[in-house]
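Worksheet: the structure to be examined is printed underneath.
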Amino acid sequence: MVTATKGSKELYAEVINSGMCTVCGACIGNCPYSVFYKGRIRMLDYCNRTEGHCYEYCPRTFTDLDTLSRKIFGIPYAGEEIGQVKDIFMARSKDKKVLAKAQYGGVVTTLLSAAISEGIIDKAIVAKTTDQKLPAGFVASTPRDVLDCAGSNYMAFPALEALNRMPRESKEKLGIVVTPCQAMALAKMQLSPPSQRANIENVRLVIGLFCTWALAYDRFYQFLKDNVDLPKVRKFDIPPPPANRLDVYIGKEVKSFSLDEIRNYRMTACAYCIDMTAEFTDVSVGSVEGTEGWNTVIVRTQRGEDIVSMAKKKGLIETKSLPAAGLAHLKEASLNKKFRSLKEIVKKTGNKEDLLYLGMPKEVRERLLALDLTRREGTNMP
-7 MVTATKGSKE LYAEVINSGM CTVCGACIGN CPYSVFYKGR IRMLDYCNRT
43 EGHCYEYCPR TFTDLDTLSR KIFGIPYAGE EIGQVKDIFM ARSKDKKVLA
93 KAQYGGVVTT LLSAAISEGI IDKAIVAKTT DQKLPAGFVA STPRDVLDCA
143 GSNYMAFPAL EALNRMPRES KEKLGIVVTP CQAMALAKMQ LSPPSQRANI
193 ENVRLVIGLF CTWALAYDRF YQFLKDNVDL PKVRKFDIPP PPANRLDVYI
243 GKEVKSFSLD EIRNYRMTAC AYCIDMTAEF TDVSVGSVEG TEGWNTVIVR
293 TQRGEDIVSM AKKKGLIETK SLPAAGLAHL KEASLNKKFR SLKEIVKKTG
343 NKEDLLYLGM PKEVRERLLA LDLTRREGTN MP
């Protein structure tokens, strides 16, 4: 990993003001100069530091993927479709209360609740939908807290701010749920943790969410205000393909919007993300195409394997094999995201050797770019 030699001024010039910011929250919560306001990271005043953690930990400043892979998995970064895999399968919670409230199979809620109950972690950092139907970082201390936060919102928000705001000296073991960009920022933080920040070193479980793109907090919220009765909204859902819609549950009714319309509110930065399955995590969880009520689960590390095994042994989740066709489509969709993103990056830089924030082994870069050149516009990409 390249040592940071830049600070907040460069962060704003290179990332925030250039449409590259993912609003992950790695740069706020600790810094007195940066805040999250109306869907964006804002600077209250300029910081004169020439080496800042805000720049170093950002997932859209230079990121050595090989170094991160060796740190987390002990192997070089290979650029595989869905990253490092120890096991992959379908799963769902066996708790009816969880299934009634959680998204799809409720696996994330169940694993976090089990981890707290068994003392594997003391608290979990999750997203909680506010009364205004906006996502916010929340520190859950009990399984009941976790259940209260179940469900998806699909809007980008600074989840890592909640981690940064925890007491520096805290010895509590933490779990956290992150999207791919947030996972990359967290991995950079763990690779070179700031001094006197025990809360970073005590993250013991990282659960990643599959993510094709996230919606812009401010623009999409305005869309919702214009089209639905927000106080009555109780749930959001984007069903697996081929549904191609966003469902908003309003009281006992469901109002649906075409994803072709909803995509207009995507975060600009999502066009430059090569990771669909949250590759730098212990466990990654998504929906199962064509099978309602189940999650696809990718186990990546020994910690991930341990928590899943415990949940299975205690009868908290049930599992079954992911069909070969489902795995093939997941890999294709993930690889397509890599292709599209690399195209956008090269389009932005004008140089195939300049991949903006992506640092990867030369052979991996050349292989991915060569594969990209074999693709043609108009292929069936998700």
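For the sequence shown, the numbering used here begins at -7 and goes up steadily by one. In this text, a Cβ means the ideal position worked out from N, Cα and C, and glycines have one as well. As the structure is a computational prediction, the values presented were derived from the model and not from experiment.
For residue i, does the three-state DSSP call read helix, strand or coil?
i, result
"residue 358", "helix"
"residue 42", "coil"
"residue 161", "coil"
"residue 250", "strand"
"residue 314", "coil"
"residue 336", "helix"
"residue 171", "coil"
"residue 268", "coil"
"residue 29", "strand"
"residue 55", "strand"
"residue 180", "helix"
"residue 223", "helix"
"residue 121", "strand"
"residue 64", "helix"
"residue 302", "helix"
"residue 83", "strand"
In chain order, what residues of the same chain have a beta carbon less than 8 Å from the beta carbon of residue i, not counting five sequence neighbours either side?
i, result
"residue 3", "19, 44, 46, 47, 50, 53"
"residue 178", "18, 152, 155, 168, 170, 195, 198, 272"
"residue 183", "-7, 59, 60, 63"
"residue 138", "101, 104, 105, 108, 116, 118, 132"
Return yes when the Cβ of residue j is within less than 9 Å of the Cβ of residue i, no when it is not.
i, j, result
"residue 309", "residue 93", "no"
"residue 0", "residue 39", "yes"
"residue 330", "residue 266", "yes"
"residue 15", "residue 32", "yes"
"residue 349", "residue 209", "no"
"residue 78", "residue 292", "yes"
"residue 284", "residue 322", "no"
"residue 220", "residue 247", "yes"
"residue 356", "residue 29", "no"
"residue 115", "residue 128", "no"
"residue 191", "residue 147", "no"
"residue 55", "residue 180", "yes"
"residue 222", "residue 95", "no"
"residue 217", "residue 243", "no"
Output needed for residue i: all residues of its chain with C-beta closer than 7 Å, excluding positions within five of it in sequence on either side, in chain order.
i, result
"residue 326", "73, 74, 268, 269"
"residue 249", "237, 238"
"residue 113", "107, 165, 166, 167, 196, 197"
"residue 314", "80, 81, 82, 288"
"residue 35", "0, 4, 25, 26"
"residue 37", "25"
"residue 135", "105, 108, 109"
"residue 336", "263, 264"
Taking buried to mean at least 16 other C-beta atoms within 10 Å of its own C-beta, is residue i buried or exposed?
i, result
"residue 5", "exposed"
"residue 174", "buried"
"residue 145", "buried"
"residue 76", "buried"
"residue 84", "buried"
"residue 277", "buried"
"residue 301", "exposed"
"residue 362", "exposed"
"residue 316", "exposed"
"residue 172", "buried"
"residue -3", "exposed"
Per DSSP, which one or two residues make a beta bridge with residue i?
i, result
"residue 132", "116"
"residue 194", "Paired residues: none, contrary to the question."
"residue 166", "115, 195"
"residue 238", "249"
"residue 207", "147, 258"
"residue 276", "200, 290"
"residue 35", "26"
"residue 127", "121"
"residue 350", "55"
Give every residue of the same chain whose Cβ lies closer than 6 Å to the Cβ of residue i, excluding the five residues on either side of it in the sequence, and list them in chain order.
i, result
"residue 24", "none"
"residue 12", "52, 261"
Do we get a CB-CB distance below 9 Å when we pair residue i with the residues of chain C?
i, result
"residue 224", "Absence of chain C from the displayed structure is noted, only one protein chain being present."
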